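Just so you know, we're using this note's numbering here: the sequence shown kicks off at 941 and counts up by one. For glycine and all other residues, C-beta sits at the position ideal for the given N, C-alpha and C. It should be emphasised that the depicted structure is a prediction, and the values quoted were computed from it without experimental measurement. Notes follow once the structure below has been shown.
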Amino acid sequence: MNLTENKQLGALGFCALSLPAVLFLPQGGWAVALLVSLGSALLLCFGSSIPREDQSWQVKILSIPLFLWNIAIVGKICTIISEINGVQSPLPGLLLLLLTGYGVKKQVLPSTAAVIAFFMAAIYGILFIFAVPNVEISSLKPAVGQNLSGMAYGFLPILLLYVYKGEKKKTVALWTSAGLILILGAAVITQGMGAQDFYTAAKSVNILGTMERLEPLVAAASTAGAYCMMGLLLSVNQNIEKGIKKKESKYILEIEIIIASGICILLPEAEEWIWSIGTTVCWGLIPILTQVIVFRKKV
């Protein structure tokens, strides 16, 4: 993996992390959001990449529920896309999923994310700058009783260990740090403005007193982030499949897209606690156990 691929993969991780950074993590308060995300980032920086070959049977077994849960999360993201764009139809999410599948199939996702990253940095940077005057410092005290159902999505950086093939992770670490800054900024603004989420907080931001109602910009950036997040999860599944079977099935990506589409259409209102528990186990516990197994094998 050369330097350019490192940078592109880091940009992909940043863009994928941007979706939970603005939609889920701020709801639990900045302190909890930063704690969970920082722990995941540290595991990414100091953990071992999951090998594509010569995997132990324990790693293969642990990878199966992660593979299946990633498909379910892709279906959930399709539903979220429709919600943030203010429509009841699942069509926007399904169309974005098809576009994501095409990007993964053609292996252009990392290079696309490298371009999207600059777009996101500009949008969120402008929003943060002009939202700061609206933040009440007294509201930033860490408090109990916050909505913690979305905190499990802070484990997302750990999944980069399934797609990263190199040993030098400096570039990925830099991009992950940028993601942590985005998470902290969105959470501080959300809590400091007393908003339910960052999307709601963006409604109260204006630029130089002339531009208001900036939530369409957040919706656009979130849509781009959803594209990268779904692409990252499908890429993780590709590598999991290679580790289990050592040979990629011809139509497995298409089957995943069909299943995710079915989840989007048939289960649009699944209980949030189900997503929270499943994500905690599959994105948190399973990768940690896998790291223990990989470390013991190296020793």
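- Between Leu1037 and Cys1018 a beta carbon distance of about 5 Å is seen, short of the 8 Å cut, so the two are scored as contacting.
- Between the segment 1168 to 1181 and the segment 968 to 978, the count of Cβ pairs shorter than 8 Å is below three; the stretches do not touch.
- DSSP assignment within the segment 1106 to 1181 yields no whole beta strand (DSSP E) run of 3 residues or more.
- Rounded to whole angstroms, the separation of the alpha carbons of Ser1117 and Leu1088 is 22 Å.
- In the structure shown, Tyr1104 adopts coil according to DSSP, grouped into three states.
- Only exposed fits Lys1081, as fewer than 16 other CB atoms lie within 10 angstroms of its CB.
- With respect to the 8 Å criterion, Gly968 and Gln1086 are classified as neighbours on the basis of their beta carbons.
- Assigned with DSSP and collapsed to three states, Ala1012 falls in helix.
- The DSSP-derived three-state label of Ala1210 is coil.
- Taking C-beta atoms as the reference points, Cys955 and Cys1222 fail to come closer than 8 Å.
- Shortest Cα-Cα distance from Phe1095 to any of Leu1120, Glu1196, Ala1126 involves Leu1120.
- In this structure, Phe1068 sits near Gly1125, with a CB-CB distance shorter than 8 Å.
- DSSP, read as helix, strand or coil, puts Leu1038 in helix.
- The Cβ neighbour count for Lys1016, taken over all protein chains shown within 10 Å, is at least 16; the residue is labelled buried.
- Annotation: the continuous alpha helix (DSSP H) that includes Pro1050 extends over 1049 to 1071.
- In this structure Leu965 is not in contact with Gly1165, their Cβ atoms being roughly 12 Å apart against a cut-off of 8 Å.
- Ile1233 is a Cβ neighbour of Ser996, given a cutoff of 8 Å.
- Annotation: the continuous alpha helix (DSSP H) that includes Thr1230 extends over 1226 to 1238.
- Counting only the Cα atoms, Ala1113 lies some 21 Å from Leu1225.
- Burial state of Glu1076 is exposed, judged by a 10 Å Cβ sphere holding fewer than 16 other Cβ atoms.
- In this structure Tyr1093 is not in contact with Thr1230, their Cβ atoms being roughly 19 Å apart against a cut-off of 8 Å.
- The C-beta separation of Ile1011 from Ile1199 comes to about 5 Å, placing the pair in contact by the 8 Å criterion.
- Per DSSP, Cys985 is one residue of the alpha helix (DSSP H) stretching across 970 to 986.
- It is roughly 5 Å from the alpha-carbon of Gly1043 to the alpha-carbon of Leu1049.
- Tyr1064 is a Cβ neighbour of Leu1122, given a cutoff of 8 Å.
- Distance check between Ser1144 and each of Asn1074, Leu1099, Ala1127 places Asn1074 closest, using alpha-carbon atoms only.
- In this structure, DSSP gives Phe964 a state outside helix and strand, which the three-state scheme calls coil.
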